[in-house]
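For the sequence shown, this note's numbering gives the first residue as 1, with consecutive numbering after it.
Note that beta-carbon positions come from the ideal geometry of N, C-alpha and C, so glycine has one too.
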Amino acid sequence: MKRFIAIDGLDGSGKDTQARLIKEKYEKEGTVIIRSHPTSDNFFGRNSKAALERGGKLNKVIATLCYGADAIRSVIKYYGKADTVIFVRYTLAVSYLNKAISVPVYKLVCFALPVSEYFFYLDVSPEKLVERVQKRNEKEEMFENYEAFVKVRQKAEPVLYNWHVIP
1 MKRFIAIDGL DGSGKDTQAR LIKEKYEKEG TVIIRSHPTS DNFFGRNSKA
51 ALERGGKLNK VIATLCYGAD AIRSVIKYYG KADTVIFVRY TLAVSYLNKA
101 ISVPVYKLVC FALPVSEYFF YLDVSPEKLV ERVQKRNEKE EMFENYEAFV
151 KVRQKAEPVL YNWHVIP
């Protein structure tokens, strides 16, 4: 595998668009796999998405645990299986956890899972995120509102030390 790329950011930041553009660039050089989490092709991804749509503290925990299992499943199944592997959302899901535990959990996750020099965080203002998410006409998830965008964006800052932040 030539490169492992992760693109992260809050909902509406343009992760899927950037992943598609990167895929188009690297397809000329070889095989490319894109995995966007949570995925709909397995139990963990489906349950993570469903919990995000239900909201509440218990569903926040369920969404986080299922998301983690979904991402780990993708690493096991796809890491190293193409010249370029792109993950849309990866280890920064820990930003949704309590701030007191997010940094230690992030360090543990980075110890256990592959890391790369190609980690990109798309930093978009909460105002712009709300505008973009509302244009989708999809069911709103628990973190897709102005207050949540502000809170999670602040909680992400301590774990962005090994990411390229793109404003």
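Candidates the options: which alpha carbon is nearest residue i's?
| i | options | result |
| --- | --- | --- |
| V115 | L122, E131, Y106 | Y106 |
| A112 | R73, Y146, I7 | R73 |
| H164 | K135, D8, N137 | D8 |
| P167 | V75, F120, A50, A148 | F120 |
| L92 | K128, Y161, R136, I62 | Y161 |
| Q170 | G30, V88, V150 | No answer is possible for residue 170: it lies beyond the span of the chain, which begins at 1 and ends at 167. |
Starting from residue i, follow its DSSP beta bridges and name the residues at the other end.
| i | result |
| --- | --- |
| I33 | V85 |
| V165 | Y121 |
In chain order, what residues of the same chain lie with their CB nearer than 6 angstroms to the CB of residue i, ignoring the 5 residues before and after it?
| i | result |
| --- | --- |
| G14 | L122 |
| E141 | L52, E53 |
| C66 | F44, N47, S48 |
| V124 | S13 |
| Y146 | P126, V130 |
| V133 | D11, G12, E144 |
| G80 | M1 |
Residues in the same chain with beta-carbon distance under 7 angstroms from residue i, minus the five sequence neighbours each way, listed in chain order, please.
| i | result |
| --- | --- |
| V94 | S102, V105, Y106, V109, V159 |
| Y78 | I33, R35, V85 |
| A69 | F44 |
| I22 | I5, I86 |
| Y90 | A6, D8, A71 |
Going along the chain, which residues of its own chain have a beta-carbon closer than 8 angstroms to the beta-carbon of residue i, five neighbours each way excluded?
| i | result |
| --- | --- |
| K139 | E53 |
| R181 | Beyond the ends of the chain as shown, which are 1 and 167, falls residue 181; an answer cannot be given. |
Query raised in the report: Unbroken beta strand (DSSP E) runs of length 3 or more, entirely within the region 87-131: which are they?
Result: Correct list: 118-122.
Query - Start-end ranges of the beta strand (DSSP E) lying completely within the region 3-29, minimum 3 residues - result: 3-9, all fully within the region 3-29.
Query raised in the report: Just checking, does the region 85-103 make contact with the region 152-159 on the three C-beta pairs under 8 angstroms criterion?
Result: Flag = yes, the region 85-103 and the region 152-159 touch.
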